[in-house]
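Listed in order, the protein sequences are those of chains A and B. FYI, in my numbering the residues of the first sequence are 1 to 390. FYI, in my numbering the residues of the second sequence are 1001 to 1161. All C-beta atoms in this analysis are idealised placements derived from N, C-alpha and C, irrespective of residue type, glycine included. Scroll down for the structure; my scribbles are underneath it.
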Amino acid sequence: MRNHSALDLRWPAKFNEIPKEVFHRADVFKLELERIFHGCEWHPVAHSGEIPARGDLKTGYVGAVPVLIIHGDDGVIRVFQNSCAHRGTQLKTCARGKADKIECPYHRWTFSNRGELIGVPGIGDFPKDFRKEDYGLRVLRSAEICGLVFVTLSEETPALDEYLDDTVEHIARAMGGDGRLKLLGYQKVAFASNWKEYSDNEGYHGPLLHAAFRMLKFAQGQGVQFMTPHAHKVNSASLSVPDPNFIEDRSVVEGRDPRLPPHNIVVSLFPVTIITRNLDVISIRYATPISPDETEVHYAYFAHADDDADLVEHRIRQASNLIGPSGFISLEDGAVFNRLHVGSHSDGNVAFQKGVRGPIEAPYVLDKGDEAGNLIRWEHYRETMGFARD
Amino acid sequence: MRVIDAQTLVRIDALQQRYARALDTRDMAGWAGCFSENGSYICIARENIEQDLPVALMMDDSLARIHDRVTYIAKVWAGTFEDYQTRHFVQRIDCAPHGDGLITVESNFMVAYTTTRGRSEILVAGTYEDAIELGPADARFRSKKAVLDTATTPRYLVYPV
């Protein structure tokens, strides 16, 4: 195998089984950072609605690499390593902010918000061949779809359009059709869970876990569920929610957006980002693998630029209570991530069953609630990691 | 000069104690009973407030939503989450009459939690920004805002704080 990994890990021969040890081994985690997070994948790091004005910035991580996303004074959004070009000091520590220029506190090197080095104290004592042009901030390869800014650390990653494939129209639809979004805020949480337990189960899974779905009599209508060749998953369906009789404030499950009747749209991008539209909640869930045992998730929520004040207010109230880490219909997810991780320390394999009829390949259309689609993610993972089957 | 008499302070502190005890004993009906008829409860990250972002972690801006939160915990989520024991520590740091019979109170808080494995850590720290109604019988919250310094909580929050 081209990518054959040196790690001693036995991958089961049965196509629907995953070895539990991948969820907690430190050497596996280290290789994941190298091959997946720092490898040939695109990672969403910001939506332009989070940094709408020139000078706006946001910090984040791609795997372990700190990044700085800045809306430059020329109107261009760039992604840099959040690290001074001199001695490597982290430049910005805030989650979001605004800056005309960025000054490193250590030796006062100063960069424009386009990343150019513009100020260097003590330059007279530098080597004669020192040129400021050589020491701009390191720009990372980035691309944008519907205002969503993706970054990749590899030059070999395919073009973003090709990478996202048929997910694009669903990403657009989740984001109000065109991605003209206004940021409403964040919910942030650390799960005591491996990133794969999070991404394997967050976003969409069989509804048995959620009593609210049953109690609310949620019914999915027309829609699609499919996997793409780059192991992304799309679930998109209309949703009907009868008048609930067991809660007092039904606005939490009301669909009021005139541009899109109630829908449940979940785009799970490999490896960890999830873009969702649940009723009137528009959300991007950015996740960062902190360690084999911890995954930090930032739920960013948005309104659409054309919303009237009432609809914005409704989105704020629904986003706050419906689908986040403490959400009415979603809290149980966090509970399961943590319990999966504890359970992963038992021996043996995880086995996928529902909808599993035989080995599958992308593109692949799955039935509602099937877990078989995840096997395409796992096959992509196994190949990228270079784990040979038994 | 803003003067709050000792008797009023006693009533305010009694409400804060009743609130902490209700949460620490997981008496959710008792928690809901700390709010007045027009009561509201909001739990929000300070990071959002400082950036003028309105999304909260819990936005129970009416008594109906406060009652619904009790339903979520007791009837919807029951049996799925790993339970945890909380201890609320609350320190009043400011108190002022607000007119209309309301008193505004600011307090620091810290909530410790203990998991089923018996490990204790800090769950969240922050400030309460409260507007308290002094009724003939007892004091109740017209509004209670828990502003979390803890922008990233170390686990998902089941209970309000």
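Contacts between arginine 96(A) and chain B, judged by CB atoms closer than 7 Å, involve Gln1051 in chain order. Counted as a single uninterrupted DSSP element, the alpha helix (DSSP H) harbouring glutamate 332(A) occupies residues 331-343.
The continuous alpha helix (DSSP H) containing glycine 1030(B) extends over residues 1028-1032. For methionine 385(A), no beta strand (DSSP E) encloses it; the enclosing alpha helix (DSSP H) starts and ends at 374-385. With a cut-off of 8 Å on Cβ pairs, the region 1053-1069 of chain B is not in contact with the region 356-365 of chain A, counting fewer than three such pairs. Assignment of alpha helix (DSSP H) within the region 165-253 of chain A, counting only whole runs of 4 or more residues, yields 168-174, 195-201, 211-216 in chain order. Collapsing the DSSP output to three states places phenylalanine 29(A) in a helix. Using a C-beta cut-off of 8 Å, the region 1070-1081 of chain B makes no contact with the region 1046-1058 of chain B, since fewer than three inter-stretch Cβ pairs fall below that distance. As the crow flies, the alpha-carbon of aspartate 333(A) is around 10 Å from that of glycine 324(A).
For glutamine 187(A), a Cβ of chain B is located within less than 8 Å of the residue's own Cβ.
Contacts with chain A at 8 Å (Cβ-Cβ) include valine 1158(B). For phenylalanine 1081(B), the C-beta contacts it makes with chain A under 8 Å involve Leu331, Glu332, Gly334, Ala335, in order along the chain. Residues of the region 341-373 of chain A that bring their beta carbon within less than 7 Å of a beta carbon in chain B are absent altogether.
Take serine 344(A), set aside five residues on each side of it, and the residues of its chain with a beta-carbon closer than 6 Å to its own are Lys20, Phe23, His24, in chain order.
Isoleucine 323(A) sits in coil when the DSSP states are folded into three classes, being neither helix nor strand. Residue-level contact by beta carbon fails for asparagine 264(A) and chain B, as no gap is shorter than 8 Å.
Using a C-beta cut-off of 8 Å, the region 169-181 of chain A makes no contact with the region 309-316 of chain A, since fewer than three inter-stretch Cβ pairs fall below that distance.
Of Asn201(A), Lys30(A), Leu7(A), the smallest CA-CA separation from arginine 377(A) is found for Asn201(A). Per DSSP, the unbroken beta strand (DSSP E) holding isoleucine 77(A) starts and ends at 77-81. Around the Cβ of asparagine 16(A), a 10 Å sphere holds 16 or more other Cβ atoms; the residue is buried.
For glutamate 1121(B), no chain A residue has a C-beta closer than 7 Å to its own C-beta; the minimum C-beta separation is roughly 11 Å.
For tryptophan 1077(B), the neighbours in chain A by C-beta distance under 7 Å run, in chain order, Leu331, Glu332. Under DSSP, leucine 1102(B) takes part in a beta bridge, and its partners are Gly1099(B), Glu1133(B). Alanine 335(A) places its beta carbon 8 Å or farther from that of serine 283(A). When 8 Å is used as the limit between beta carbons, aspartate 249(A) is near these residues of chain B: Ser1062, Ala1064, Arg1065, Asp1068, in chain order. The C-beta of leucine 183(A) comes closer than 8 Å to at least one C-beta of chain B. Taking one beta carbon from each stretch, the region 1075-1091 of chain B and the region 1115-1129 of chain B have 3 or more pairs nearer than 8 Å; the two touch. Note: aspartate 1094(B) is bridge-paired with Glu1106(B) in the DSSP secondary-structure output.
Boundaries for tyrosine 135(A): no alpha helix (DSSP H) harbours it, and the DSSP string shows neither H nor E there. By the C-beta density criterion, asparagine 1038(B) is exposed, having fewer than 16 other C-beta atoms within 10 angstroms. Under the 8 Å Cβ criterion, the region 207-224 of chain A counts as touching the region 236-255 of chain A, having at least three qualifying pairs. For chain A, the residues of the region 1032-1048 of chain B that bring a beta carbon within less than 9 Å of one of its beta carbons are Ile1042, Cys1043, Ile1044, Ala1045, Glu1047, Asn1048, in chain order.
Counting only the Cα atoms, histidine 1067(B) lies some 46 Å from threonine 152(A).
Taking C-beta atoms as the reference points, serine 1107(B) and serine 1040(B) fail to come closer than 8 Å. The region 141-156 of chain A makes no contact with the region 113-124 of chain A, as fewer than three CB pairs between them are under 8 Å.
Rounded to whole angstroms, the separation of the alpha carbons of arginine 357(A) and arginine 96(A) is 47 Å.
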